[in-house]
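Undergrad: So that we are looking at the same thing, I have put the structure below in structure tokens.
The following block contains the structure:
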């Protein structure tokens, strides 16, 4: 049990983080317990060895792949750069407003009423157009009749006072 | 620029954690892809290296949980290490080399959280505060993980030596 407790303190002992009392307790235990003393020595070896692990060079192939990723991302970013131009901001603002209005229409509670009203307006407009068309037809007819009357009247008029024969 | 500055660091962290050169290459590529996606989220007031290493740590722990690579063997310690000058005494050098090999393989026996803490603190040489920032944990938790990892590795070293040399 004592060994287990002391072994839990070996790492902070190595870092010099124990209080003087705890350090004295560990020192006293180590002087009488070869097993824990050996473990402390192995702990030192482990930390020294890990600290001297050499760095490994990544392969050229990996670096080439990483450069390719970087180049691809740059190309994509520059091709999308036009989206952040300030001149396009009013267009985006207008599109946003339209989108909001459209979503109000689509998902709001008055969609049916709006549809009905729009239908009514379309029908009304259509009937107005028909009436206008009919009126235009009658005007054309009356113009035709007037033109005929004028022609007949012109034929009847004899400016030289001669007989038609 | 990012590749020049950070590819070796990211690759080594992946290699030390996974133990496989091929796995580390795949992880490094995935991490760089993720890095370019996440760059917009970087807060310029924070330390970039710590932010990047947090991203690396998160990605590796996720990948570890997805693929469970702890069951695979780690590469031989010397496979990708080229001519590192050792101590003058050949006998000491032999012992040190042997210890490193045992510890390299022993890393696979640590849980991923403990292993990550050991990689950052002991191999990469980060301070406790830096490791805590990267791991996103209180410093006390990091210390406790490192204590556990060191002790576990010391015991692995003891057991292997007993097995090899009958000490």
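Residue numbers (our numbering), protein chains in the order written: chain X, 3 to 167; chain F, 136 to 302.
Every residue gets a Cβ at the ideal spot worked out from N, C-alpha and C, and that includes glycine.
All values reported here derive from a predicted model rather than from experimental measurement.
1. Secondary structure at residue 245 (chain F), three-state DSSP: helix, strand or coil?
2. Taking only beta carbons into account, state which residues of the segment 161 to 175 of chain F come closer than 7 Å to chain X, listed in chain order.
3. Assign residue 18 (chain X) to one of three DSSP states: helix, strand, or coil.
4. Flag this pair as yes or no: are the beta carbons of residue 292 (chain F) and residue 47 (chain X) separated by less than 8 Å?
5. Looking at the structure shown, is residue 167 (chain X) part of a helix, part of a strand, or coil, going by DSSP?
6. According to the Cβ coordinates, are residue 281 (chain F) and residue 256 (chain F) closer than 8 Å?
7. Distance check for residue 100 (chain X) and residue 109 (chain X), CA to CA, integer angstroms please.
8. If residue 2 (chain X) sits next to residue 32 (chain X), beta carbons under 8 Å apart, how far is it from one beta carbon to the other, in whole angstroms?
9. Just to make sure I have the definition right: I need the residues of chain X whose C-beta is within less than 9 Å of the C-beta of residue 138 (chain F). Which are they?
10. Does residue 150 (chain F) come out as helix, strand or coil in the three-state DSSP assignment?
11. Run through DSSP, which three-state label would residue 271 (chain F) get?
12. From residue 271 (chain F) to residue 177 (chain F), what distance separates their C-alpha atoms?
13. Of all the CB atoms in chain X, is at least one closer than 8 Å to the CB of residue 179 (chain F)?
14. Exposed or buried, residue 299 (chain F), counting other C-beta atoms within 10 Å across all chains shown (16 or more means buried)?
15. Of all the options X:20, X:141, X:52 and X:89, which has the alpha carbon lying nearest to the alpha carbon of residue 252 (chain F)?
16. List, in chain order, every chain X residue whose beta-carbon is nearer than 7 Å to that of residue 289 (chain F).
17. Helix, strand or coil for residue 54 (chain X), going by three-state DSSP, please let me know.
18. In the DSSP assignment, the alpha helix (DSSP H) including residue 121 (chain X) goes from what residue to what residue?
19. Would you kindly check if the distance between the Cβ of residue 55 (chain X) and the Cβ of residue 151 (chain F) is under 8 Å?
20. Taking the alpha helix (DSSP H) that residue 103 (chain X) falls in, what are its first and last residues?
21. Indicate, with yes or no, if the ligand GDP has a heavy atom lying under 7 Å from the CB of residue 288 (chain F).
22. Could you name the residues of chain F that residue 12 (chain X) contacts, counting a contact when the two beta carbons are closer than 9 Å?
23. Whose CA, out of X:75, X:102 and X:117, lies closest to the CA of residue 172 (chain F)?
24. Quick one: does residue 53 (chain X) have its CB under 8 Å from some CB of chain F?
25. State the DSSP-derived secondary structure class of residue 178 (chain F), mapped to helix, strand or coil.
26. When DSSP labels each residue in this structure, what does residue 216 (chain F) get in the three-state scheme?
27. Quick check on DSSP: helix, strand or coil for residue 87 (chain X)?
28. Pick out whichever of F:288, F:259 and F:197 has its Cα sitting closest to the Cα of residue 242 (chain F).
29. Assuming residue 187 (chain F) contacts residue 168 (chain F) (C-beta within less than 8 Å), just tell me the rounded distance between them.
30. Where does residue 35 (chain X) fall in DSSP's three states?
31. Helix, strand or coil: how does DSSP classify residue 232 (chain F) here?
32. Going by C-alpha distance, which of F:294, F:246, F:141 and F:232 is nearest residue 183 (chain F)?
33. Around the Cβ of residue 148 (chain F), are there at least 16 other Cβ atoms within 10 angstroms (buried) or fewer (exposed)?
34. When you compare only the Cα positions, how much space is there between residue 245 (chain F) and residue 285 (chain F)?
35. Just reading off the alpha helix (DSSP H) that residue 195 (chain F) is part of, what are its end residues?
36. Figure out for me which residue from F:185, F:278, F:254 and F:250 has the closest Cα to the Cα of residue 263 (chain F).
TA: Reading off the structure:
1. Taking the first residue of the second chain as position 1, residue 245 (chain F) is located at position 110. Per DSSP, reduced to three states, the secondary structure at residue 245 (chain F) is coil, with no helix or strand assignment.
2. Flagged, chain order: 163, 164, 167, 168 and 171.
3. As a working note, residue 18 (chain X) is residue 16 in the first chain. The answer is coil: DSSP assigns residue 18 (chain X) none of H, G, I, E or B.
4. Position 157 of the second chain, counted from the start, is the residue given in the question as residue 292 (chain F). Position 45 of the first chain, counted from the start, is the residue given in the question as residue 47 (chain X). Yes.
5. For this step, residue 167 (chain X) is matched to residue 165 along the first chain. Here the model assigns residue 167 (chain X) a pLDDT of 47, short of 50, so the residue's position is not dependable, and the following value carries that caveat. It is coil, neither helix nor strand.
6. One-based indexing of the second chain puts residue 281 (chain F) at position 146. One-based indexing of the second chain puts residue 256 (chain F) at position 121. Judged by their CB atoms, residue 281 (chain F) and residue 256 (chain F) are nearer to each other than the 8 Å cut-off.
7. Within the first chain, the letter at position 107 stands for residue 109 (chain X). Within the first chain, the letter at position 98 stands for residue 100 (chain X). Rounded to whole angstroms, residue 109 (chain X) to residue 100 (chain X) spans 14 Å at the Cα level.
8. Residue 2 (chain X) is absent from the structure shown; chain X starts at 3 and stops at 167.
9. Position 3 of the second chain, counted from the start, is the residue given in the question as residue 138 (chain F). Residues of chain X whose Cβ lies closer than 9 Å to the Cβ of residue 138 (chain F) are, in chain order, 65, 68, 69, 71 and 72.
10. Residue numbering aside, residue 150 (chain F) sits at position 15 when the second chain is read from its first letter. When DSSP states are grouped into helix, strand and coil, residue 150 (chain F) belongs to the helix group.
11. What you label residue 271 (chain F) is simply residue 136 of the second chain in a count that begins at 1. Three-state result, residue 271 (chain F): coil.
12. What you label residue 271 (chain F) is simply residue 136 of the second chain in a count that begins at 1. What you label residue 177 (chain F) is simply residue 42 of the second chain in a count that begins at 1. If I take the Cα positions, the gap works out to 16 Å.
13. In the second chain, counting from the first residue as 1, residue 179 (chain F) sits at position 44. The beta carbon of residue 179 (chain F) does not come within 8 Å of any beta carbon belonging to chain X, so the residue lies off that interface.
14. Mapped onto the second chain, residue 299 (chain F) falls at position 164. Burial check for residue 299 (chain F): the Cβ neighbour count within 10 Å stays below 16, so the residue is exposed.
15. Taking the first residue of the second chain as position 1, residue 252 (chain F) is located at position 117. Comparing Cα positions, the closest option is X:52.
16. Within the second chain, residue 289 (chain F) is the residue found at index 154, counting from 1. Near residue 289 (chain F) (Cβ distances below 7 Å), the residues of chain X are 41, 44, 45 and 48.
17. As a working mapping, residue 54 (chain X) is identified with position 52 in the first chain. Three-state DSSP puts residue 54 (chain X) in coil, outside helix and strand.
18. Numbered from 1 along the first chain, position 119 holds the residue referred to as residue 121 (chain X). In this chain, the alpha helix (DSSP H) harbouring residue 121 (chain X) covers 113 to 158.
19. Residue 151 (chain F) sits at position 16 when you count from the first residue of the second chain. Residue 55 (chain X) sits at position 53 when you count from the first residue of the first chain. Cβ distance < 8 Å, so residue 151 (chain F) and residue 55 (chain X) count as in contact.
20. The residue given as residue 103 (chain X) occupies position 101 in the first chain. First-last of the alpha helix (DSSP H) with residue 103 (chain X): 91 to 109.
21. In the structure on display, the ligand GDP does not appear, and there are no ligands present to speak of.
22. Position 10 of the first chain, counting from 1, holds the residue named residue 12 (chain X). Annotation: Cβ neighbours of residue 12 (chain X) in chain F (cutoff 9 Å, chain order): 282, 285, 286 and 289.
23. Along the second chain, read from residue 1 onward, the residue named residue 172 (chain F) stands at position 37. Nearest C-alpha to residue 172 (chain F): X:75.
24. The residue labelled residue 53 (chain X) in the question sits at position 51 within the first chain. Chain F has a Cβ within less than 8 Å of the Cβ of residue 53 (chain X).
25. As a position in the second chain, residue 178 (chain F) is number 43, starting the count at 1. Of the three classes helix, strand and coil, the one that applies to residue 178 (chain F) here is coil, per DSSP.
26. Translated into positions along the second chain, residue 216 (chain F) becomes position 81. Residue 216 (chain F) falls in the coil class under three-state DSSP.
27. Here residue 87 (chain X) refers to the residue found at position 85 of the first chain. Here residue 87 (chain X) sits in coil by DSSP.
28. Working through the second chain from its first residue, we reach residue 242 (chain F) at position 107. Nearest in C-alpha terms to residue 242 (chain F), of all of F:288, F:259 and F:197, is F:288.
29. The count along the second chain starts at 1 and reaches residue 187 (chain F) at position 52. The count along the second chain starts at 1 and reaches residue 168 (chain F) at position 33. With a Cβ gap of about 14 Å, residue 187 (chain F) and residue 168 (chain F) do not count as contacting.
30. Residue 35 (chain X) sits at position 33 when you count from the first residue of the first chain. In the structure shown, residue 35 (chain X) sits in coil (DSSP, three-state: anything other than H, G, I, E or B).
31. By 1-based counting over the second chain, the position of residue 232 (chain F) is 97. In the three-state scheme derived from DSSP, where H, G and I count as helix and E and B as strand, residue 232 (chain F) is classed as helix.
32. In the second chain, the residue the question calls residue 183 (chain F) occupies position 48. Check the Cα spacing between residue 183 (chain F) and each of F:294, F:246, F:141 and F:232: the tightest is with F:141.
33. Taking the first residue of the second chain as position 1, residue 148 (chain F) is located at position 13. It is buried - the Cβ of residue 148 (chain F) has at least 16 other Cβ atoms within 10 Å.
34. Along the second chain, one-based indexing puts residue 245 (chain F) at 110. Along the second chain, one-based indexing puts residue 285 (chain F) at 150. Inter-residue distance for residue 245 (chain F) and residue 285 (chain F) is about 10 Å (C-alpha atoms, whole angstroms).
35. Start at 1 with the first residue of the second chain, and residue 195 (chain F) comes out as number 60. Element bounds for residue 195 (chain F): 183 to 202.
36. Taking the first residue of the second chain as 1, we reach residue 263 (chain F) at position 128. Among F:185, F:278, F:254 and F:250, the Cα nearest to that of residue 263 (chain F) is on F:278.
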